[in-house]
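Trainee: Using this note's numbering, the first residue of the sequence shown is number 315, and each one after it goes up by one.
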Amino acid sequence: MELILQLLMVLIVINSMVKLSFWKIGQIGIMIVMYAAFILLIYPLAIKQSKTQIEDFLSNMVMMQNVSVLITVESTICFAFCFAALKELFGKKKSKLVMIVLKYYPGLLLFLVIFYGLTQSIFTFTGRSFFTITFLYAFFFLLLIIMGILFIKKVIPEIDIRLEVHFIVSLLICILGLITTVDGKIVYKTSEESINLKYIFLSIGLFLIFFIVGFLGNRIKWKLKKIK
Numbered sequence: 315m316e317l318i319l320q321l322l323m324v325l326i327v328i329n330s331m332v333k334l335s336f337w338k339i340g341q342i343g344i345m346i347v348m349y350a351a352f353i354l355l356i357y358p359l360a361i362k363q364s365k366t367q368i369e370d371f372l373s374n375m376v377m378m379q380n381v382s383v384l385i386t387v388e389s390t391i392c393f394a395f396c397f398a399a400l401k402e403l404f405g406k407k408k409s410k411l412v413m414i415v416l417k418y419y420p421g422l423l424l425f426l427v428i429f430y431g432l433t434q435s436i437f438t439f440t441g442r443s444f445f446t447i448t449f450l451y452a453f454f455f456l457l458l459i460i461m462g463i464l465f466i467k468k469v470i471p472e473i474d475i476r477l478e479v480h481f482i483v484s485l486l487i488c489i490l491g492l493i494t495t496v497d498g499k500i501v502y503k504t505s506e507e508s509i510n511l512k513y514i515f516l517s518i519g520l521f522l523i524f525f526i527v528g529f530l531g532n533r534i535k536w537k538l539k540k541i542k
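1. Is the beta carbon of Ser-330 closer than 9 Å to that of Pro-420?
2. Could you check if Glu-316 is buried or exposed, using at least 16 other CB atoms within 10 Å of its CB as the buried criterion?
3. Counting only the same chain and skipping the five closest in sequence on each side, list residues whose C-beta sits under 8 Å from that of Ala-398.
4. Is it buried or exposed for Tyr-451, if we count other Cβ within 10 angstroms and need 16 for buried?
5. Which residues bound the alpha helix (DSSP H) around Glu-478?
6. Would you identify the three-state DSSP class for Tyr-419, choosing helix, strand or coil?
7. Closer than 7 Å by C-beta to Ile-463: which residues in its own chain qualify, once you throw out the five before and the five after it? Chain order, please.
8. Going by the CB atoms, is the gap between Phe-455 and Ile-353 shorter than 9 Å?
9. Within the chosen definition, does the stretch 381-391 reach the stretch 356-366 through at least 3 CB pairs nearer than 8 Å?
10. Is it true that the CB of Val-324 sits closer than 9 Å to the CB of Ile-459?
11. Check this for me: beta carbons of Ile-487 and Leu-322, under 9 Å apart or not?
12. In chain order, which continuous runs of the alpha helix (DSSP H) of length 4 or greater are located wholly inside the stretch 359-383?
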């Protein structure tokens with residue numbers, strides 16, 4: 315289960331970078347400042363946490379189900395943004411207010427991931443100044459976000475393909491979010507069985523294969539149109 319949670323957090327970070335790649339440079343800068351401010355403001359709370367408290371939170375099914383609701387809502391917003399942006403690309407105008415809300419909704423999940431990452435950094439680098447750890451964590455995390463956005467825009471310059479990536483990653487986040495909150499309390503339960511990681515990674519692999527095929531197909535079409 316811990317492996318699935320870590321995979322879920324990685325996907326949340328990637329999805330946030332994909333979403334920010336649709337923003338302008340100044341808007342991304344504002345968001346980066348907000349992330350930095352959040353890390354600095356949250357660190358007094360992070361240093362008070364213990365491994366036991368974090369583990370208790372992750373094993374608390376009620377709390378995890380609340381997080382699952384947030385994951386589902388955010389995934390729905392991402393889906394809506396993808397469809398609305400694609401329609402706009404093909405000339406079907408949507409409400410300006412709706413597009414602003416969908417496009418510039420930053421997502422709350424990444425803030426939870428930032429807090430979790432900070433607590434883990436404090437647990438890992440014991441014996442060092444909390445502020446130093448926080449400062450280095452903020453620096454490397456924000457550098458990762460900036461480099462990730464630049465990499466995504468460089469590798470996938472086409473907006474429609476980036477929207478496809480955003481949709482697929484959001485779908486994976488939604489699925490993994492539901493998997494992590496399953497507690498086995500099902501009325502008609504056929505058998506007790508642990509989570510089969512093999513099939514989870516197989517599903518992810520299939521998604522990646524279909525995405526790569528679609529990505530390469532769109533690339534070839536785009537180059538053929540350019541030649542014509």
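Using N, Cα and C, we set each Cβ at its ideal position, and we do this for glycine too. This structure is a prediction, so every number in the text was calculated from the model and none was measured.
Mentor: Reading from the atomic positions:
1. yes
2. exposed
3. Lys-408, Val-412, Met-413, Leu-416
4. buried
5. 473-493
6. coil
7. Met-331, Leu-334, Ser-335, Ile-342
8. yes
9. no
10. no
11. yes
12. 365-373
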